[in-house]
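Each protein sequence line maps, in turn, to chains A and B. Residue numbers for the first sequence follow the working numbering, so the first one is 1 and each next one is one higher. Residue numbers for the second sequence follow the working numbering, so the first one is 128 and each next one is one higher.
Protein chains: 2
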Amino acid sequence: MNISEVGKRAGLPPKTIRFYEEIGLITPKREANGYRVFSENDLHRLAFLRRARALGFTVQECRQLLHLYEDESRASADVKSLAREHLARIDAQLEELHQMRTTLAELINACMGDNRPDCPILRDLAR
Amino acid sequence: MNISEVGKRAGLPPKTIRFYEEIGLITPKREANGYRVFSENDLHRLAFLRRARALGFTVQECRQLLHLYEDESRASADVKSLAREHLARIDAQLEELHQMRTTLAELINACMGDNRPDCPILRDLAR
DNA sequence: ATGGAGGTTCCATCTTGTGGAAGGTCAAGG
DNA sequence: CCTTGACCTTCCACAAGATGGAACCTCCAT
Chain A
1 MNISEVGKRA GLPPKTIRFY EEIGLITPKR EANGYRVFSE NDLHRLAFLR RARALGFTVQ
61 ECRQLLHLYE DESRASADVK SLAREHLARI DAQLEELHQM RTTLAELINA CMGDNRPDCP
121 ILRDLAR
Chain B
128 MNISEVGKRA GLPPKTIRFY EEIGLITPKR EANGYRVFSE NDLHRLAFLR RARALGFTVQ
188 ECRQLLHLYE DESRASADVK SLAREHLARI DAQLEELHQM RTTLAELINA CMGDNRPDCP
248 ILRDLAR
């Protein structure tokens, strides 16, 4: 399987796949002409990576997840622990974003939005 | 005012202030010895920047906001419009994060987290 | 004079890719 | 057999928004 083929199947652009190889997330074989050849297992890993990234896991965490995935004697507690840490990070981000949203919405609400210069948004930023 | 002094007052580290100068957000004068000298206006701009960044505005948006701030004949509608775009982006991020959180929480909930290898989280990622 | 606290510049690093240039390869059609 | 276009390769640069460190300069106090 060539790179664009596996890309289509895994849902990742070739550029990203080359990048994942570069940082050691996959190690596809090479043909005599230098082209990468992807096995079913490579495809599997790439699809796994795409889903883990979509859930917001960092690349480092994906590395650990892949490692756990391939370790038949893993403890599910280790996976859960990783996921919990990630969840905590998401919650922190959500809280921060929510705080920003609240403040910003108030300011927008207070601003007339007409053609006069007076503006509560700028006033608050300059406070 | 030297860089660390203005940094303390504006709530920004010197490194960040140098960076802001590099990208043209401020243009402090220089003393004969090469040291930056910050005016009250520079301080004002830096504090403005810190608050705008804390609200999640990009540096480019901060540039525009500063421009509007100093334009006495601005229309508050322009500021509001910028802020609205930013709010929309925040909402999009919130939605994405929320979606990730929901999925992740379900998976965590389904995982026993014991010392056995069976794990719904990995199963889902490998789906 | 010397020491330490500040200042300066420049370069590297972080994260997660993406864009593009220069060039090799393959398969199909004329 | 040759050309054309679609792929493939590597390598370098850039994005945002800083941050860390090295090497070196300057000022002030003792």
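A virtual CB, placed ideally from N, CA and C, is assigned to each residue, including glycine.
Assigned exposure category for residue i - 16 Cβ within 10 Å defines buried
| i | result |
| --- | --- |
| residue 34/A | exposed |
| residue 179/B | buried |
| residue 137/B | buried |
| residue 210/B | buried |
| residue 42/A | buried |
| residue 13/A | exposed |
| residue 136/A | For residue 136/A there is no data in the structure shown, the boundaries of chain A being 1 and 127. |
Assumed close pair residue i, residue j - CB separation to whole angstroms, cut-off 8 Å
| i | j | result |
| --- | --- | --- |
| residue 221/B | residue 97/A | 5 Å |
| residue 126/A | residue 175/B | 5 Å |
| residue 206/B | residue 195/B | 5 Å |
| residue 118/A | residue 203/B | 6 Å |
| residue 90/A | residue 36/A | Not confirmed; about 34 Å, so no contact. |
| residue 193/B | residue 103/A | Not a contact, Cβ separation roughly 19 Å. |
Amino acids of chain A, ordered along the chain, whose beta-carbon sits closer than 7 Å to that of residue i
| i | result |
| --- | --- |
| residue 173/B | Neighbours of residue 173/B on chain A: none; closest Cβ ~11 Å, over 7 Å. |
Residues that residue i contacts on chain A, provided the C-beta gap is smaller than 8 Å
| i | result |
| --- | --- |
| residue 220/B | 97 |
| residue 217/B | 97, 100, 101 and 104 |
| residue 183/B | 97, 100 and 104 |
| residue 214/B | 101, 104, 105 and 108 |
Proximal residues of chain B, C-beta to C-beta of residue i below 9 Å
| i | result |
| --- | --- |
| residue 65/A | 248, 249 and 252 |
Contacts of residue i in chain A (Cβ-Cβ under 9 Å)
| i | result |
| --- | --- |
| residue 178/B | 124, 125, 126 and 127 |
* To do: Give the residues from the segment 196–211 of chain B that approach chain A closer than 7 Å (Cβ to any Cβ), ordered along the chain.
  => 196, 199, 200, 201, 202, 203, 204, 206, 207, 210 and 211
* Using 8 Å as the threshold, is the segment 139–149 of chain B in touch with the segment 100–115 of chain A, meaning 3 or more CB pairs across them? -> no
* **Residues within the segment 105–127 of chain A neighbouring chain B, beta-carbon criterion of under 9 Å** => Those residues of the segment 105–127 of chain A that come within reach of chain B (Cβ to Cβ, closer than 9 Å) are 105, 107, 108, 111, 112, 113, 114, 115, 116, 117, 118, 119, 120, 121, 122, 124, 125, 126 and 127.
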